[in-house]
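K.L.:
2 protein chains.
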Amino acid sequence: MTGGVIGIVGGGQLGRMLTLAAKPLGFDVIVIDPVANSPAAQVGAEQIQADLYDASALSKLAEKADVITVEIEHLDAAALQNVAKIGTSVQPAPKTIQMIQDKLKQKQYFKNIDVPTAPFMEITDEASAGQALKQFGKMVIKTRRGGYDGRGNVVVNNTKQLNPALEQFAGQKLYAEKFVPFTKELAAVVARSLDGKIALYPIVETMHKRNICTEVRAPAAITPLAHKRAVALASKVAQNLEGAGVFAIEMFLADDNKVLLNEVAPRVHNSGHYTLDGSKTSQFEQHIRAITGLPLGSTEPTRESAVMVNILGERNGPTEIRGLKDALAIPEVSVHLYGKSPTKIDRKMGHITATGKDTQTARKRAQRARRRISV
Amino acid sequence: MTGGVIGIVGGGQLGRMLTLAAKPLGFDVIVIDPVANSPAAQVGAEQIQADLYDASALSKLAEKADVITVEIEHLDAAALQNVAKIGTSVQPAPKTIQMIQDKLKQKQYFKNIDVPTAPFMEITDEASAGQALKQFGKMVIKTRRGGYDGRGNVVVNNTKQLNPALEQFAGQKLYAEKFVPFTKELAAVVARSLDGKIALYPIVETMHKRNICTEVRAPAAITPLAHKRAVALASKVAQNLEGAGVFAIEMFLADDNKVLLNEVAPRVHNSGHYTLDGSKTSQFEQHIRAITGLPLGSTEPTRESAVMVNILGERNGPTEIRGLKDALAIPEVSVHLYGKSPTKIDRKMGHITATGKDTQTARKRAQRARRRISV
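Laid out in structure tokens, this is it:
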């Protein structure tokens, strides 16, 4: 088509849903993905089959695309920066991605602008790790880079647990964070347009199992004070990021309605999948609008409540999805499958969104639908 | 994916929007279309590049597909019937498509089950045409087959206009229909599931220029009596069609709240495009659900009013769409482009849907958005 070409680093489910949103707006899409017939390619994205860190693939993408964006933050940010220097628009800004992909730098950046976070410190050896443990008590050791779906996090309660934790991450740069006894995990998707306008989606509650997001409830059931603080935090973070696009801001809700920044993702995010069915503009269309200079769409909900449940693989083997018919028989239930094969235990194979007049209704529908599907 | 393979005869904008709906439900799509890189192929449908009347292409499609459907009724219904006999499910039933594609047979079929229509009769020569004119007064001569976007219709007011009309359609089978001085044109999309359940969308008003649909207003602004009659007519028609899928029922509203059947399309339809943004389930997802044995979705509107305006080509040449940014700056406006090139005068290049608290609001938004786009 003639609307221009969008390049995406990564062609998984996020690239797929971005492509599905981009096509009706007249854009062509090209993705880089190592696996042939990626989820994005299945819905009409051209695919450059290459590793996400392949700089020559990125150059090829830059030659063809009018704007490059990402569906994952674990990539070669320096190469992205080079591409941007040569003249292809990269959104969000490579330096934002670079800052975010190092979680320690991210934390420092936001702490410096007075965004509340849990206390943290860099650890480089046993001594500094011991120092952190002394200061924080219960703490979490995290890798500075590459953590995803909870890989790269380990809780340390005492000195006995310290060495095994350090050994587990041998060779990786680390930091420690005081364990926050949070009552809920919150998130908000926020979009920034090329001209700096900001559109915030509702604050949602995210649930995790085995460190993987399993459920998202929109809106979050929190006090007005916690809500106000979460909105203020998310808005402040959004205002201090460079470049256009959708960002996901993950937060902890602690005692006394305290809201702390957990981390930021410079991309569309699992916590925003519910927007496909529960919002006037999906996060995917919003991201496409943001990075191509189109005006941001409305972030208003279309229904009182929406609950998203991930369809995680339950076994290893060729994908075979059963129970779709029974799931769709439930009112206000939508199913979005990602076209992945094989299925693997805990692999994100799709998601379900249910809407309803309140969260309990939506949740029951989503959970019931999830139980009816096997994958 | 593993949900099965849907074959579609035709890969234009309807095939494209069907594909966009099918993919997230886990289906693969294959289309037959004569033009490479069809609108459907651009969103990930595999394409068999062949004429729609190519029987060998249809056989190839039948080998690969679990169910075959159509985005156009002008095709080889006998070949479809053969395919169905060999064992591939064809939805809707080929005999339904065959009946519908001959407009005279269609009229006769519905007249026989007491669906109100304008008076009509077959004409085979000058004498029978003269007879029809005598009986009907002002009348419309129509080709029995192949009429589309008003091609194949001519109004005849008097005997002087009779011969030129007949000459225009020389060699084609014809029928004549009494001219209905209608006050509005109405339409309704209706879905039938494999097990015969029926889901009716709201009655809408359709506007035409140069015999091409330009605007659809949902819901139609008609009296309760006219509404009741339109619903009864559409339901009766739907109950008397064979096979699963979405059908569009076009009607005339005449004096005294009389509602007459105009014609039926055995497929998703321009009059239902508004459902992408104005209904809980789009006609495209509904069709996919219907033909694959999934339960039908809700046909409830998501907003008081929705107005769809077609984006028709304004010139001949390579496609270049301008003004998208300005159009999307208007609240509650969605734009759906079809990926067609070149643009041609009156070619359907895309559509706009605007929603709002009433039809006037939605209409103003849609019209304003349309004026801002050039194609």
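Taken in order, these protein sequences are the chains called R and S. Everything in the first sequence is counted per our numbering, starting at 1 for the first residue and increasing by one. Everything in the second sequence is counted per our numbering, starting at 376 for the first residue and increasing by one. Positions of the beta carbon are idealized from the N, C-alpha and C atoms, including for glycine.
(1) Compile a chain-ordered list of the residues in the stretch 666-679 of chain S whose CB is closer than 8 Å to at least one CB of chain R.
(2) Verify the CB distance criterion: does Ala366 of chain R have a CB-CB separation below 8 Å to chain S?
(3) Under 7 Å between beta-carbons, which chain R residues line up against Pro717 of chain S? List them in chain order, please.
(4) Would you tell me roughly how many angstroms separate the C-alpha atoms of Ile352 of chain R and Leu651 of chain S, rounded to the nearest one?
(5) Among S:Ile597, S:Thr581 and S:Gly505, which residue has its Cα nearest to the Cα of Leu562 of chain S?
(6) Using only the alpha-carbon positions, how far apart do Gln168 of chain R and Glu126 of chain R sit?
(7) When you compare only the Cα positions, how much space is there between Phe179 of chain R and Met139 of chain R?
(8) I'd like to know if Leu162 of chain R contacts chain S, where contact means its C-beta is closer than 8 Å to some C-beta of that chain.
(9) On the DSSP letters alone, give me the boundaries of the alpha helix (DSSP H) that Arg363 of chain R sits inside.
(10) Go to Asp436 of chain R, then tell me how far its beta strand (DSSP E) extends in each direction, as first and last residue.
(11) Under three-state DSSP, which class holds Tyr175 of chain R?
(12) Identify the contact partners of Lys723 of chain S in chain R, using a Cβ-Cβ distance below 8 Å as the criterion.
(13) Considering Lys228 of chain R, what are the terminal residues of the alpha helix (DSSP H) in which it resides?
(14) Please list, in chain order, the chain S residues whose beta carbon lies closer than 8 Å to that of Val5 of chain R.
(15) Is Lys23 of chain R close to chain S, meaning its C-beta is less than 8 Å from at least one C-beta of that chain?
(16) Just checking: is the beta-carbon of His648 of chain S within a distance shorter than 8 Å of some beta-carbon in chain R?
(17) Quick check: Ala681 of chain S and Ala593 of chain S, are their CB atoms within less than 8 Å of each other?
(18) Give the straight-line distance between the Cα atoms of Met1 of chain R and Gln360 of chain R, rounded to the nearest whole angstrom.
(19) Could you confirm whether any beta carbon from chain R is found closer than 8 Å to the beta carbon of Ala704 of chain S?
(20) Going along chain S in order, which residues have a C-beta closer than 8 Å to the C-beta of Gln286 of chain R?
(21) Does any residue of chain R have a CB that is nearer than 8 Å to the CB of Gly401 of chain S?
(22) Taking 8 Å as the cut-off, does the stretch 597-605 of chain S touch the stretch 447-461 of chain S (at least 3 CB pairs, one atom from each stretch)?
(23) Taking only beta-carbon positions, decide if Gly714 of chain S is within less than 8 Å of chain R.
(24) Report the three-state DSSP secondary structure of Thr674 of chain S (helix, strand or coil).
(25) Evaluate contact between the stretch 657-670 of chain S and the stretch 316-334 of chain R, counting only Cβ atoms and requiring at least three cross-stretch pairs below 8 Å.
(26) Please report the Cβ distance between Leu261 of chain R and Phe110 of chain R, rounded to the nearest whole angstrom; I am assuming they are in contact, meaning their Cβ atoms lie under 8 Å.
(27) Can you tell which of S:His644, S:Tyr550 and S:Ala729 has the C-alpha that lies nearest to the C-alpha of Lys480 of chain S?
(28) Which residue wins for smallest C-alpha separation from Glu689 of chain S, given the options S:Asn538, S:Pro414, S:Arg747 and S:Gly386?
(29) For Arg567 of chain S, decide whether its Cβ has a neighbour in chain R, counting only Cβ atoms nearer than 8 Å.
(30) Which chain R residues sit within Cβ distance under 7 Å of Lys732 of chain S?
(31) Measuring alpha carbon to alpha carbon, tell me which of R:Leu58, R:Gly15 and R:Pro116 ends up nearest Val231 of chain R.
(32) So, using beta-carbon positions, are Leu14 of chain R and Val268 of chain R closer together than 8 Å?
(33) Skipping 5 residues on each side, what residues in its chain have a beta carbon closer than 6 Å to that of Ile97 of chain R?
(34) Among the candidates S:Lys584, S:Val708 and S:Lys478, whose CA atom is the shortest distance from the CA of Arg722 of chain S?
P.N.:
Considering the structure as presented:
(1) Gly668, Leu669, Pro670, Gly672, Ser673 and Thr677
(2) As a first step, residue 366 of chain R is located in the first sequence; it is residue number 366 there, counting from the start. No, no contact with chain S.
(3) As a position in the second sequence, residue 717 of chain S is number 342, starting the count at 1. Per Cβ cutoff of 7 Å: no residues; Pro717 of chain S is ~10 Å from chain R at best.
(4) Locating residue 352 of chain R in the first sequence gives position 352, where the first residue counts as 1. Locating residue 651 of chain S in the second sequence gives position 276, where the first residue counts as 1. Roughly 19 Å separates the two Cα atoms.
(5) Residue mapping note: residue 562 of chain S aligns to position 187 of the second sequence, counting from 1. Correcting the residue type first, residue 562 of chain S is Ala in the shown sequence and not Leu. It is S:Thr581.
(6) Your numbering for residue 168 of chain R matches position 168 in the first sequence. Your numbering for residue 126 of chain R matches position 126 in the first sequence. So the alpha carbons of these two residues sit roughly 13 Å apart.
(7) Against the first sequence, residue 179 of chain R aligns to sequence position 179. Against the first sequence, residue 139 of chain R aligns to sequence position 139. Distance between the alpha carbons of Phe179 of chain R and Met139 of chain R is about 4 Å.
(8) Residue 162 of chain R sits at position 162 when you count from the first residue of the first sequence. It does not; no Cβ of chain S falls within 8 Å.
(9) Sequence index remark: in the first sequence, residue 363 of chain R carries index 363 (1-based). Segment Thr359 to Arg372, the alpha helix (DSSP H) holding Arg363 of chain R.
(10) Residue 436 of chain R cannot be examined here, being either before or after the span of chain R that is shown, 1 to 375.
(11) Position 175 of the first sequence, counted from the start, is the residue given in the question as residue 175 of chain R. Strand, per DSSP.
(12) Within the second sequence, the letter at position 348 stands for residue 723 of chain S. Under the 8 Å cutoff, chain R gives no residues; its nearest Cβ is about 14 Å from Lys723 of chain S.
(13) The residue labelled residue 228 of chain R in the question sits at position 228 within the first sequence. Segment Pro224 to Gln239, the alpha helix (DSSP H) holding Lys228 of chain R.
(14) What you label residue 5 of chain R is simply residue 5 of the first sequence in a count that begins at 1. Residues of chain S passing the Cβ test: none, with the nearest at roughly 13 Å.
(15) On the first sequence, residue 23 of chain R is found 23 positions in, with the first residue counted as 1. Yes, Lys23 of chain R lies at the interface with chain S (some Cβ there is under 8 Å from its Cβ).
(16) On the second sequence, residue 648 of chain S is found 273 positions in, with the first residue counted as 1. Chain R, which has no Cβ nearer than 8 Å to the Cβ of His648 of chain S, makes this no.
(17) Taking the second sequence and counting its residues from 1, the one referred to as residue 681 of chain S is at position 306. Taking the second sequence and counting its residues from 1, the one referred to as residue 593 of chain S is at position 218. Yes, the Cβ-Cβ distance between Ala681 of chain S and Ala593 of chain S is below 8 Å.
(18) Numbered from its first residue, the first sequence carries residue 1 of chain R at position 1. Numbered from its first residue, the first sequence carries residue 360 of chain R at position 360. At Met1 of chain R, the pLDDT of 42 sits below 50, so the modelled position is not reliable; the number obtained from the coordinates is stated separately. Computed Cα separation, rounded: 43 Å.
(19) Translated into positions along the second sequence, residue 704 of chain S becomes position 329. Interface residue, yes.
(20) Locating residue 286 of chain R in the first sequence gives position 286, counting from the first residue. Ordered by position in chain S, no residue passes the 8 Å Cβ test against Gln286 of chain R, which lies about 11 Å from the chain.
(21) Walking along the second sequence from the start, residue 401 of chain S turns up at place 26. It does: the Cβ of Gly401 of chain S has a partner Cβ on chain R nearer than 8 Å.
(22) no
(23) As a working mapping, residue 714 of chain S is identified with position 339 in the second sequence. By this cut-off, Gly714 of chain S is an interface position.
(24) Position 299 of the second sequence, counting from 1, holds the residue named residue 674 of chain S. In the structure shown, Thr674 of chain S sits in coil (DSSP, three-state: anything other than H, G, I, E or B).
(25) yes
(26) Numbered from its first residue, the first sequence carries residue 261 of chain R at position 261. Numbered from its first residue, the first sequence carries residue 110 of chain R at position 110. The pair is a contact, with the Cβ atoms about 6 Å apart (cut-off 8 Å).
(27) Mapped onto the second sequence, residue 480 of chain S falls at position 105. Residue S:Tyr550 is the option with its Cα nearest to Lys480 of chain S.
(28) On the second sequence, position 314 is the one that residue 689 of chain S refers to. For the residues S:Asn538, S:Pro414, S:Arg747 and S:Gly386, the minimum Cα distance to Glu689 of chain S belongs to S:Arg747.
(29) Here residue 567 of chain S corresponds to residue number 192 of the second sequence, with the count starting at 1. Chain R contact via Cβ: absent.
(30) Here residue 732 of chain S refers to the residue found at position 357 of the second sequence. Within 7 Å Cβ-Cβ: nothing; Lys732 of chain S doesn't reach chain R, min ~14 Å.
(31) As a position in the first sequence, residue 231 of chain R is number 231, starting the count at 1. Among R:Leu58, R:Gly15 and R:Pro116, the Cα nearest to that of Val231 of chain R belongs to R:Pro116.
(32) The residue labelled residue 14 of chain R in the question sits at position 14 within the first sequence. The residue labelled residue 268 of chain R in the question sits at position 268 within the first sequence. Closer than 8 Å, so yes.
(33) Position 97 of the first sequence holds residue 97 of chain R. So the qualifying residues of the chain are Glu73, Ala77 and Pro266.
(34) Walking along the second sequence from the start, residue 722 of chain S turns up at place 347. Ranking the options by Cα distance to Arg722 of chain S, first place goes to S:Lys584.
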